[in-house]
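K.L.:
Per my numbering, the very first residue in the sequence shown carries number 56; after that it's consecutive.
Glycine residues also receive a C-beta, built at the ideal position from the N, C-alpha and C atoms.
The structure is given below, and queries will be raised subsequently.
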Amino acid sequence: MTDQRIPPNETPPAEGAIAEAHRERPDGGIWEHPGWWLWLIVVGAALVAGFFAARLAGG
56 MTDQRIPPNE
66 TPPAEGAIAE
76 AHRERPDGGI
86 WEHPGWWLWL
96 IVVGAALVAG
106 FFAARLAGG
């Protein structure tokens, strides 16, 4: 019996498999959900603008 070495992070061939092993897409980190970061920046900017508008309106 031969002892075949499978490289790390590789899927070993399975009996009856027709697809080749493929690498998974790496995690995008903080850039995975850019819409959330954009929303956070917009809300922060609106709060700062609201603070200065309230100061101007208050006298």
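Between which two residues does the alpha helix (DSSP H) harbouring R80 extend?
P.N.:
From DSSP, R80 is part of no alpha helix (DSSP H); its letter is neither H nor E.
K.L.:
What is the DSSP secondary structure of P63, counted as helix, strand or coil?
P.N.:
coil
K.L.:
For W94 versus I85, is the C-beta spacing smaller than 9 Å?
P.N.:
Taking 9 Å as the Cβ cut-off, W94 and I85 do not qualify as a contacting pair.
K.L.:
In angstroms, rounded to a whole number, what distance separates the CA positions of P63 and P89?
P.N.:
31 Å
K.L.:
With a CB to CB cut of under 6 Å and the five nearest residues on each side skipped, what residues in its chain are close to G83?
P.N.:
none
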